Structures are given as structure tokens and as C-alpha cells.
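Single-structure report; data block below.
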Amino acid sequence: MPVMLKQWFNRWLNQRIPAAEQQTLSHRSIFILPSGFGLLWIMLVVLLFLFGTNYQNNLVIGMALLLASIFVSTILHSYRNLAGLTVISAGTAHTYAGQQLSIPLKLSAERPLFQLQLSFQPENPLRVAEVTAEPQQRVVALQTDHRGRLNPGRLRIESRYPLGLCRVWSWLDLNTHHIVFPTHARGQQPLSRLDDDMGSTGKQLSGVEEYAGLRNYIPGESLKQVAWKQWAQERGMLSKEFTTPAGEPVWLTLAANLNQQQLEQQLSLLCYQVDELAKQPNQYWGLALGPLRIAPNQGQAHRLQCLTALACYQQERL
């Protein structure tokens, strides 16, 4: 398709089916054409009709009209099999570059719909046997190539139910963007300790290494933690509390003056190290990407924040 024609078609499609996180298919968003099998069916109808009129054979003419009426009825049933389908974006997804992104969707319809195909890429269709009024969550796969914020484009929904004579489809823009993290590259980036400008010392986490004091005994706790000496002094049932010192916070930093290839390699190394540090229960780490500073912390939310920053570094949108 020529570039100008494709641009015009995209503008027309954006006006006819605007982007929205929830969409219900109707006559404005459904397209229908004969399938390959349907074109052969039409050719058969024409041949039978010409044969019947040429030889004045009413039986053949009647057969041609019957097949034509079946085709017209199929158009109506094919349209009804897509009309009323509600598609809702079920949130954002994330993956690593080079892997498949699983985009969650919710499907529902007032009446049962059958044999649907959903895809962002023609080679990875999701086949749904039936959609009912009960919402069902499905994931549509999308192959990724580069890191950054990913706009998956329009979702194609297609059906050839019931007889395969007509191809009914729609293109929906669910107005969502997903995060593609840099690919993993095993290796080690130098870790820098906290300095006066970046933060303070480590935190104390609950644990069993260093004695931290006494607290009231909680029924059901192990008797090994009971402070028997204080109990003998008639100070009541107390439990010893211990802490484990968190590892000294470290910073992951990105070197300056890198070309594009070196930058991608460094980001991949940092991505790997973020995941490795996240596996250490008592380790706090921060991330420094040029002027961007993410303060040392730990946990899944902190990991995703750091990985998102790496994915979007010097990237506007894929």
C-alpha cells in the first residue's frame, strides 16, 4: 500500500473507530467482505444461474437462487457474530526485549459469539471458541524487538463463523502502552556506595541476627524467644527482638559519553543487576541515570520503577 494512501486510511480509521480502553463493536466498527471460499460460492451461483437460464432448467435456476439466499443469510449471521462484542484493556504488561509481550484483555458479549480470532500480529492469533456475558480475561501475544514504551497498535478481531463464506473483522485501538525492559546481559557493572550527596546509611530489617531489645510476648510465639531472666525477675512475659542489618545501600550508575551500541549494552547489564539485587532480601539499591536519581529502596515496586527507567532512558516511544 502506498505511504500516502496508508496515511489517509489511518486518519479515516482513527475518526471512525477512535482510541478507547473499552470498546463495543457495532456497525461503525465492523467490516465484512466475502472470503476466498465465499468468492467461489458466488462464482458457482452465477454459473448455475447462467446454465439454468441458457437451458431453461428451472431446477438449476432454483438451486442457484437457494445458494444465493444462503449467502445473503450468512452475511447477516456473520455480522451478528461480531456485533455486541465488548473488549476492555485489562491493564499494562511488561517483558524483556526479544521476548513475547502478553497483553491482557477482557471479553464479553450480551449474546454468545463463536470462533473469534484476536491478534496484534497476523502470525500470533488468539483463538477464542466462545464469548458469553460472563467476562473472560485473555492474553494476546506480541513479539518485541526493542526496549521502551510500546504502543501495540490496533487489535484485529476476525471471524468467519458460521459457514466461512464471509470474513468479518474490526481494528480496535485500546489506547494502551506497555513497557519493554532492556534485554538481559549477564555481567557486572561497578557498584558505588552511598556518598554524602546521595543518601544516608542502611536500614534495619526484622531478622534474627542482632539483639534489638524487648517487647511484649505474643501468644503462640516460640518459647525460645522468651526473656526468661526478665520473667524470673517478675517483669512479665517478654520476648527478645532481633534485627538483621540491611546491606549497605549501593548505586547502579550509567557511564557517560557512550555511543548507541555501548549504551544499549550498559542498560542491559544494569537490567540484569537490578533483577539480581532484587533477589537479595536485605539489599537496598538506587539507580542513577544521568540527572535521574531513584533513591535506594527494595521490593517489587522499586524493581519495576528501576526497570521502567532503564527501558525509557533516552526513548520517547517505540
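Read in order, the letters of the sequence shown correspond to residues 30 to 347 in the numbering used here. Just so you know, even glycine gets a beta-carbon here, dropped at the ideal spot from N, CA and C. Given the structure is predicted, the values throughout are model-derived calculations rather than measurements.
Close beta carbons around Ala-48, own chain, < 6 Å, minus the five adjacent residues each side: Taking Ala-48 as the centre and dropping the five residues before and after it, the same chain places the C-beta of Asp-202 and Asn-204 closer than 6 Å to its C-beta, in chain order.
Could you check if Arg-176 is buried or exposed, using at least 16 other CB atoms within 10 Å of its CB as the buried criterion? Arg-176 counts as buried, since no fewer than 16 other beta carbons sit within 10 angstroms of its beta carbon.
What's the C-alpha gap between Trp-200 and Arg-183? Roughly 6 Å between the two C-alpha positions.
Please identify the residue among Glu-263, Gln-259, Lys-269 and Val-168 whose C-alpha is closest to the C-alpha of Gly-242. With distances taken between Cα atoms, Gly-242 lies closest to Lys-269.
Starting from the C-beta of Ala-112, find all residues in its chain whose C-beta is less than 8 Å away, skip the five residues before and the five after it, and write them out in chain order. Cβ-Cβ distances below 8 Å link Ala-112 to Leu-54, Ser-55, His-56 and Ile-59 in the same chain, with the five nearest sequence neighbours on each side left out; the list follows chain order.
Please name the residue in Gln-329, Leu-292, Gln-85 and Gln-289 whose C-alpha comes closest to that of Lys-308. The shortest C-alpha separation from Lys-308 is found at Gln-329.
Relative to the alpha-carbon of Ala-126, which residue among Gln-327, Tyr-301 and Pro-325 has its alpha-carbon at the smallest distance? Nearest in C-alpha terms to Ala-126, of all of Gln-327, Tyr-301 and Pro-325, is Tyr-301.
First and last residue of the uninterrupted alpha helix (DSSP H) at Ser-98: Where Ser-98 is concerned, the enclosing alpha helix (DSSP H) stretches over 87 to 109.
Can you give me the C-alpha to C-alpha distance between Asn-326 and Ala-261, rounded to a whole angstrom? When rounded, the distance between both Cα atoms is 42 Å.
Can you tell me whether Asn-245 is helix, strand or coil according to DSSP? Residue state for Asn-245 is assigned as strand, using DSSP reduced to three classes.
Over what stretch of residues does the alpha helix (DSSP H) that includes Thr-115 continue unbroken? Annotation for Thr-115: no alpha helix (DSSP H) segment contains it, though the beta strand (DSSP E) segment containing it runs 115 to 118.
Assuming Leu-316 and Tyr-342 make a contact with CB atoms under 8 Å, what is their CB distance in whole Å? Your pair Leu-316 and Tyr-342 does not check out as a contact, with CB atoms roughly 10 Å apart and the cut at 8 Å.
Take Ser-348 as the anchor and find which of Thr-82, Gln-51 and Trp-314 has the nearest alpha-carbon. Any answer about residue 348 is impossible in this case: the structure gives the chain only from 30 up to 347.
Just mark Leu-105 as buried or exposed, buried being the case when its beta carbon has 16 or more other beta carbons within 10 Å. Leu-105 is exposed by the Cβ-count criterion.
Please report the straight-line C-alpha distance between Asn-39 and Pro-181, rounded to a whole angstrom. Each residue's Cα considered, the two are about 15 Å apart.
Three-state secondary structure (DSSP) of Glu-152: Coil at Glu-152, not helix or strand.
Along the alpha helix (DSSP H) that carries Val-255, what are the first and last residues, could you check? Segment: none, Val-255 is in no alpha helix (DSSP H) and carries neither H nor E.
Cβ atoms of Gln-146 and Ala-158: under 8 Å apart, would you say? It is not a contact, given that the beta carbons lie outside the stated cut-off.
Where does Arg-57 fall in DSSP's three states? The answer is coil: DSSP assigns Arg-57 none of H, G, I, E or B.
Where the beta strand (DSSP E) through Gly-177 begins and ends: According to the DSSP assignment, Gly-177 belongs to the beta strand (DSSP E) that extends over 177 to 179.
Residue of Leu-62, Cys-335, Ala-284 and Pro-151 minimising C-alpha distance to Arg-322: Distances from the alpha-carbon of Arg-322 to those of Leu-62, Cys-335, Ala-284 and Pro-151 put Cys-335 closest.
Enclosing beta strand (DSSP E) for Arg-185 [first to last residue]: According to the DSSP assignment, Arg-185 belongs to the beta strand (DSSP E) that extends over 184 to 188.
Please state the DSSP three-state secondary structure of Asn-326. Asn-326: strand per DSSP, three-state reduction.
Please report the distance separating the alpha-carbon of Arg-196 from that of Thr-337. One C-alpha to the other measures close to 40 Å.
Among the residues of its own chain, which have a CB less than 8 Å from the CB of Asn-43, if the five just before and after it don't count? Residues of the same chain with a CB within less than 8 Å of the CB of Asn-43, apart from the 5 flanking positions on each side, are Asp-202 in chain order.
So is Pro-9 buried or exposed if we call it buried at 16+ other beta carbons inside 10 Å? A query on residue 9 cannot be resolved here, the shown segment of the chain reaching from 30 to 347 and no further.
Let me confirm a value: Trp-41 is counted as buried when at least 16 other C-beta atoms fall within 10 Å, else exposed. Which label applies? Within 10 angstroms of the beta-carbon of Trp-41 lie fewer than 16 other beta-carbons, which makes it exposed.
With the cut-off set at 8 Å, would you say Val-74 and Ala-93 are in Cβ contact? Yes.
Going by DSSP in three states, Ile-132 sits in which element: helix, strand or coil? Assigned with DSSP and collapsed to three states, Ile-132 falls in strand.
Could you tell me the boundaries of the alpha helix (DSSP H) in which Tyr-301 lies? From DSSP, the alpha helix (DSSP H) with Tyr-301 extends over 289 to 307.
For Gly-127, the three-state DSSP class (helix, strand or coil): Three-state DSSP puts Gly-127 in coil, outside helix and strand.
Consult DSSP for Ala-428 and reduce its assignment to one of helix, strand or coil. Nothing about residue 428 can be reported from this structure: the residues present for the chain run from 30 to 347 only.
Straight-line CA distance for Leu-179 to Ala-170? Distance between the alpha carbons of Leu-179 and Ala-170 is about 13 Å.
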